[in-house]
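Take a look at the structure set out below.
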Amino acid sequence: MKDVVLTAEESEVIADWSAASQQRAIETLGRYPEKRSAVMPLLFLSMIENGYVTDDGMRQVGVLTGLSPAQVQSVASFYTMYKREPIGDYLVGVCTSISCFLLGADDVLAAIEDETGVPDGETGGDGAFSVEHVECNGACGGAPVVLVNWEMIESVTPDKARELIRWLRNGRPEVVNTEEMQQLFGGERSFDWGIKEAEGAVLPVPAFGPFGSAKEGT
Ligand code: FES
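The opening position of the sequence shown corresponds to residue 26 in the numbering used here, with each subsequent residue numbered one higher.
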C-alpha cells in the first residue's frame, strides 16, 4: 500500500465526510497504482456518507479519482449494488437465478414481500426495508440464498424468511452478520466457508474490504 496525501481540492471535496471515511478514502486510494481504479470502493464510501449514490457523491468520487462525472456515473449506473435513491435500513435481497429459482426462491421472495409489505424493487414507507431480487451470488449449492445488507444466508425457506423479517423488524439489530443469521434462519450451507467474517454489516453496503463494519465508519 502506498502513502497518499490528498490535494487541497481532494481534501475540500470530502471535508464533510466523517473522519473515519476520510481515512478510509485515503487508504483505499493507497491500494491502487492508479487512483481511477479506486472508483468502485469509493462509490461505496460515498453511499456510507450520503445514504445512496447522490450527484454530489459522484462529483466527490470524480475529484478523488480524476474521473469525469460521466465516467463515475457510467460505473454507478452499471452495477445494481450502487443505489441511486434512498434505501431502507435493511436491504433484503433474494437470489432468483436458476439454482435458487429451482429450489423455491420465488416463494421465499413472495414471503418476504408479504411479511415486509414491500414489493420487489421498492422501499417501504417507514424506511426499514428495501426488497429486491438479485442475480447469482455464487453460493448455488446453498440455494435459495437471501442477503441482508449483503450478508448471506443459505438454504432459506419461506417460513424462515418470515422469521428473519420479524427478527429484523422487532430487534432492529445494529449489525447483521452472516454467521448469526445462518444459524437462526438458514439451512444447509453450500460448503464450509472457512474464514468466518466476524463483524457483519451496519449499513446496506457490503461489509468487506476497506469498509469493514466498524461502527466508527457510520
Ligand atoms: S443461483 Fe442463487 S446463488 Fe447461484
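The beta carbon of each residue, even a glycine, is placed where N, CA and C say it ideally should be. Just so it is clear, the structure is predicted and the values come from calculations on it, not from any experiment.
Straight-line spacing of the CA atoms in aspartate 217 and valine 201 works out to 20 Å.
Using a cutoff of 7 Å, the CB of alanine 168 counts as near the ligand FES, since one of the ligand's heavy atoms is closer than that. Across the set Glu35, Val29 and Leu70, the C-alpha of Val29 shows the shortest separation from the C-alpha of arginine 56. Using a Cβ-Cβ distance cut-off of 8 Å, the stretch 119-130 and the stretch 166-175 are in contact, since at least three pairs of beta carbons, one from each stretch, lie closer than that value. Contact between arginine 109 and threonine 90 does not hold, since the beta-carbon distance rounds to 18 Å and is not under 8 Å. Between the stretch 125-142 and the stretch 180-190 there are three or more inter-stretch CB-CB distances shorter than 8 Å, so the stretches are counted as touching. In the structure shown, alanine 232 falls within a coil segment according to DSSP collapsed to helix, strand and coil.
In this structure, threonine 141 lies away from methionine 177, with their beta-carbon atoms at least 8 Å apart.
For methionine 65, the enclosing alpha helix (DSSP H) has its first and last residue at 64-75.
Looking from the CA of alanine 50, the closest CA among Arg214, Asn195 and Ile39 belongs to Ile39. Comparing alpha-carbon positions, the option among Gly146, Trp42, Leu209 and Pro94 lying closest to leucine 70 turns out to be Trp42.
Collapsing the DSSP output to three states places leucine 193 in a helix. Beta-bridge partners of cysteine 120 (DSSP): Val159.
Looking at the backbone, the Cα of methionine 26 and that of proline 58 are separated by about 9 Å.
Pairing proline 111 with threonine 53 gives a Cβ-Cβ distance that is not under 8 Å.
Within the DSSP secondary-structure output, isoleucine 178 pairs in a beta bridge with Val171. Taking 7 Å as the cut-off, one finds at least one heavy atom of the ligand FES near enough to the beta carbon of glycine 163. Phenylalanine 126 sits in a helix when the DSSP states are folded into three classes. With 16 or more other Cβ atoms inside 10 Å of its own Cβ, serine 180 counts as buried.
In the DSSP assignment, valine 201 is bridged to Ala226. For methionine 83, the enclosing alpha helix (DSSP H) has its first and last residue at 80-90. Exposed is the label assigned to phenylalanine 103, since fewer than 16 other Cβ atoms lie within 10 Å of its Cβ.
Taking the CA atoms as reference points, arginine 197 sits about 25 Å from glutamate 213.
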